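What follows is a short report on a single structure.
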Amino acid sequence: MKLNDEKSEEIENTSSENEEGTFDKIKQILSLLDDSKGDLYYIIKLIIKMVKFDESYVILNMGLLENDLTIKLCTLLWALAAPLYPLNFKLYLTPEMNKFLVKSDVNVKFDILLFNLIKILFYILRRDRLRELIKVLTQ
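The C-terminal residue of the sequence shown carries number 208 in this note's numbering, and the numbering is unbroken.
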């Protein structure tokens with residue numbers, strides 16, 4: 070009986086150490102994200118310039134058997150697609166109530182400007198904060 074108690078204490082101690090290590094890593098990542106906020110905004114701007122949609126659209130009729138889930142999922146999809154509207158990507162979503170249905174028509178065409186991709190890579194390589202953030206994220 071005493072042996073089992075000792076093992077359970079060891080397991081509890083190692084799990085609390087793992088939790089502390091994870092918490093410290095999360096704090097470090099958040100700190101690095103805060104420090105490199107301006108750099109990340111610049112990269113997001115370059116990504117927006119990099120991808121050019123050509124009259125792309127998704128027509129989606131979607132319904133889940135529960136109306137609440139249908140509305141929640143449709144709201145989430147509308148929110149995710151909203152930033153893409155200025156880039157000429159449209160989402161036409163029709164919620165279907167009291168039906169289980171997923172029907173879609175998708176037409177997505179886009180160009181990627183490789184120059185901006187190379188520009189992003191060099192920008193990341195030049196910034197110490199971004200390199201540190203990538204190092205911490207890949208550990």
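Backbone N, C-alpha and C fix where the C-beta goes; we use that ideal spot for every residue, glycine too.
Predicted model, so just to flag it, every value in this text is computed and none were measured.
What do you get for residue i, buried or exposed, if any count of 16 or more other CB atoms within 10 angstroms of its CB means buried?
{"i": "residue 139", "result": "buried"}
{"i": "residue 105", "result": "buried"}
{"i": "residue 133", "result": "buried"}
{"i": "residue 202", "result": "buried"}
Rounded to the nearest angstrom, how far is the Cβ of residue i from that of residue j, given a contact under 8 Å?
{"i": "residue 182", "j": "residue 119", "result": "5 Å"}
{"i": "residue 122", "j": "residue 157", "result": "4 Å"}
Using three-state DSSP, classify residue i as helix, strand or coil.
{"i": "residue 174", "result": "strand"}
{"i": "residue 157", "result": "coil"}
{"i": "residue 94", "result": "helix"}
CA-CA distance, residue i and residue j?
{"i": "residue 169", "j": "residue 111", "result": "42 Å"}
{"i": "residue 195", "j": "residue 137", "result": "48 Å"}
{"i": "residue 206", "j": "residue 98", "result": "7 Å"}
{"i": "residue 147", "j": "residue 184", "result": "31 Å"}
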